[in-house]
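Peer 1:
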Amino acid sequence: MSKQLPPFQRFLDVHRDVVWRFLVSAVGPVEAEDCFQETFIAALRAYPRLRADSNVRGWVLTIAHRKALDAHRGRARRALPVADPVAVDGRAQSAAPAPDEALWEAVGELPDRQRSAVVLRYLADLPHRDIAAAIGCSEEAARRSLHEGLTTLRKVVPA
Amino acid sequence: MSARTTSENHVVERALRRGAPSTDGHEDRAAEAARRLAQRAVQEGLADVVYAPVSSPFGELLLAATDRGLLRVAFPEEDTDSVLERISRRVSPRIVEAPAGLERVRRELDEYFSGSRRRFDLALDWSLVGGPFGREVLRVTSEIPYGGVLSYREVAMDAGSPRGSRAAGNALGSNPIPIVVPCHRVLHTGGGLGGYGGGLDRKRWLLELEGALTPQL
Chain A
815 MSKQLPPFQR
825 FLDVHRDVVW
835 RFLVSAVGPV
845 EAEDCFQETF
855 IAALRAYPRL
865 RADSNVRGWV
875 LTIAHRKALD
885 AHRGRARRAL
895 PVADPVAVDG
905 RAQSAAPAPD
915 EALWEAVGEL
925 PDRQRSAVVL
935 RYLADLPHRD
945 IAAAIGCSEE
955 AARRSLHEGL
965 TTLRKVVPA
Chain B
-8 MSARTTSENH
2 VVERALRRGA
12 PSTDGHEDRA
22 AEAARRLAQR
32 AVQEGLADVV
42 YAPVSSPFGE
52 LLLAATDRGL
62 LRVAFPEEDT
72 DSVLERISRR
82 VSPRIVEAPA
92 GLERVRRELD
102 EYFSGSRRRF
112 DLALDWSLVG
122 GPFGREVLRV
132 TSEIPYGGVL
142 SYREVAMDAG
152 SPRGSRAAGN
162 ALGSNPIPIV
172 VPCHRVLHTG
182 GGLGGYGGGL
192 DRKRWLLELE
202 GALTPQL
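Chains as they are written, first to last, in the numbering used here: chain A, 815 to 973; chain B, -8 to 208.
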């Protein structure tokens, strides 16, 4: 029997954490809420057409990536000062961040394309070709962004 | 790339694959966002099926409904994932958990279990019922009044198949909307209880509640 698409609620339960983490690192904790809603509403609209054997996590993170870009563009148009995520989210103000926390803070500070490449590669587990398609660049450029991102991140992870 | 850089990348890659740590309340906030998403999906008409657990004297029942009506009542022993997967296959995968959409069903069931309601005033969705004869059997069954009973043979006859007692029994045994579609009111011709998808103890309990059966000591 062919693989079944799980009920949408199960899909939401399984992927909500990774999408939330991605969006917090991409747009900050305040805008993450709106982007989260937009991401899963778009996913729900398209859901019946999704193939059950596709990379479902990669699919939803690609949507989240686009919604994060929309949020960045909207912000640029409004030209409002951007709240510092660390200042807004009190819980992020812990004194000495654990190694993984420091790493994810650094992911959040990467330039857009590098951050998307890193997240789509390691959280979404997408191949370079799909990362390139999601970001809208060549496969070679996606590979380069990923490498540049990793080079920066290496500095915050104790070897 | 030098060997040293490659091994250092492995460290970063491993850490990235673990995902962000969950010590800062992300998981709670993601769970809240997911609940709001389910509500919004219902408001925007994007959820084809809503479901919710409700408590009952039998334990926690699972209810599911579409905009046509109540689709499914599942007993506590039924596996939630299997129930939802079948709905996903037969009706739509756009299923979300949304208790608000089932508030009226929950209230009518509460009233029924407490003895103050004798008839359900709910629209029903027959999508999970297989075949025209099965639908006819359940339609006939849904008209058996509170406190009354019919035999399998009578139900088969009313559904248009006088010799279809066994087929009627099968249709009743796979009733997707038990309690509300009262398949517990169908008994063997001699008065024997027959079968029940939710177990014979529950069938007896429901018939006693309705006064169709004298409680046994």
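Glycine included, C-beta positions come from ideal geometry on N, C-alpha and C.
What you are looking at is a predicted structure, and each value in this text was computed from that prediction instead of being measured.
Would you say B/E4 reaches chain A, if we count a Cβ-Cβ gap shorter than 8 Å as a contact?
Peer 2: Chain A contact via Cβ: present.
Peer 1: Given a cut-off of 8 Å on the beta-carbon distance, is the pair A/E805 and A/A878 in contact?
Peer 2: No statement about residue 805 of chain A is possible, as the shown extent of chain A runs from 815 to 973 and does not include it.
Peer 1: Three or more C-beta pairs under 8 Å: does that hold for the region 179 to 192 of chain B against the region 83 to 93 of chain B?
Peer 2: These segments do not touch.
Peer 1: Grouping DSSP H, G and I as helix and E and B as strand, with all else coil, what is B/E127?
Peer 2: Correct three-state label for B/E127: helix.
Peer 1: Counting only the same chain and skipping the five closest in sequence on each side, list residues whose C-beta sits under 7 Å from that of B/S83.
Peer 2: Excluding residues within five positions, the ones whose Cβ falls inside 7 Å are D39 and V40.
Peer 1: Which ranges does the alpha helix (DSSP H) cover as unbroken runs of at least 4 residues, wholly within the region 40 to 91 of chain B, from first to last along the chain?
Peer 2: Correct list: 71 to 81.
Peer 1: Would you say B/L115 and A/V932 are within 8 Å of each other, going by their C-beta atoms?
Peer 2: Their beta carbons are not under 8 Å apart, which means B/L115 does not touch A/V932 by this criterion.
Peer 1: For B/V45, which residues in chain A fall below 8 Å Cβ to Cβ?
Peer 2: Near B/V45 there are no residues of chain A at all, since even the closest Cβ is about 16 Å away, more than 8 Å.
Peer 1: Please classify A/D944: is it buried, with 16 or more other beta-carbons within 10 angstroms of its beta-carbon, or exposed?
Peer 2: Burial call: buried.
Peer 1: Name the DSSP beta bridge partners of B/S142, please?
Peer 2: BP columns for B/S142 point to B/L178.
Peer 1: Does the region 117 to 133 of chain B come close enough to the region 144 to 158 of chain B that 3 or more CB-CB pairs lie under 8 Å?
Peer 2: At 8 Å Cβ cutoff, the stretches touch.
Peer 1: What does a CB cutoff of less than 8 Å around A/L858 pick up in its chain, not counting 5 residues either side in sequence?
Peer 2: Answer for A/L858: F822, listed in chain order.
Peer 1: Rounded to the nearest angstrom, what separates B/E174 and B/A29 at their Cα positions?
Peer 2: First, the residue type needs correcting, since residue 174 of chain B is Cys and not Glu in the sequence shown. Near 32 Å, if we compare the C-alpha coordinates of B/A29 and B/C174.
Peer 1: Starting from the beta carbon of B/R59, find every residue of chain A whose beta carbon is closer than 9 Å, and list them in chain order.
Peer 2: The contacting residues do not exist; B/R59 stays about 18 Å from chain A at best.
Peer 1: Are the region 862 to 882 of chain A and the region 819 to 833 of chain A in contact at 8 Å, needing three or more beta carbon pairs?
Peer 2: Short answer: they touch.
Peer 1: So, is the C-beta of B/H17 closer than 8 Å to a C-beta in chain A?
Peer 2: Yes, because at least one Cβ of chain A sits closer than 8 Å to the Cβ of B/H17.
Peer 1: For A/Q907, name the three-state secondary structure that DSSP assigns.
Peer 2: Note that A/Q907 scores 41 on pLDDT, short of 50, meaning its location in the model is unreliable; the coordinates nonetheless yield the value given after this. Residue state, collapsed to three classes: helix.
Peer 1: How about B/G138 and B/E201: do their beta carbons lie closer than 8 Å?
Peer 2: Contact flag set, yes.
Peer 1: Quick one: what does DSSP say B/L115 is sitting in, helix, strand or coil?
Peer 2: DSSP places B/L115 in strand when its eight states are reduced to three.
Peer 1: Which bits of chain B does A/V932 rub up against, with CB to CB less than 8 Å?
Peer 2: Simply L7.
Peer 1: Mapping the DSSP letters down to three states, classify A/A893 as helix, strand or coil.
Peer 2: Because the pLDDT at A/A893 is just 49, under 50, the model does not fix this residue reliably, and the value given afterwards should be weighed accordingly. A/A893 falls in the coil class under three-state DSSP.
Peer 1: CA-CA distance, B/L37 and A/P941?
Peer 2: Their Cα atoms are separated by approximately 31 Å.
Peer 1: Between the region 25 to 56 of chain B and chain A, which residues of the former have a C-beta closer than 9 Å to a C-beta of the latter?
Peer 2: Under the 9 Å Cβ criterion, the region 25 to 56 of chain B contributes A25, R27, L28, A29, R31, A32, E35, L37, A38, D39, V40 and Y42.
Peer 1: Secondary structure at B/N0, three-state DSSP: helix, strand or coil?
Peer 2: DSSP places B/N0 in helix when its eight states are reduced to three.
Peer 1: Taking the C-alpha atoms as reference points, what is the distance between B/R154 and B/G183?
Peer 2: For B/R154 and B/G183, the distance between alpha carbons rounds to 19 Å.
Peer 1: Between which two residues does the alpha helix (DSSP H) containing B/K194 stretch?
Peer 2: Taken as a continuous stretch (DSSP letters only), the alpha helix (DSSP H) holding B/K194 covers L191 to L200.
Peer 1: Looking at chain B, is there any beta carbon in it that lies within less than 8 Å of the beta carbon of A/R871?
Peer 2: Not one chain B Cβ lies under 8 Å of A/R871.
Peer 1: Is DSSP giving A/G888 helix, strand or coil here?
Peer 2: Three-state result, A/G888: helix.
Peer 1: For A/D926, which three-state DSSP category applies?
Peer 2: Reduced to three states, the DSSP call for A/D926 is helix.
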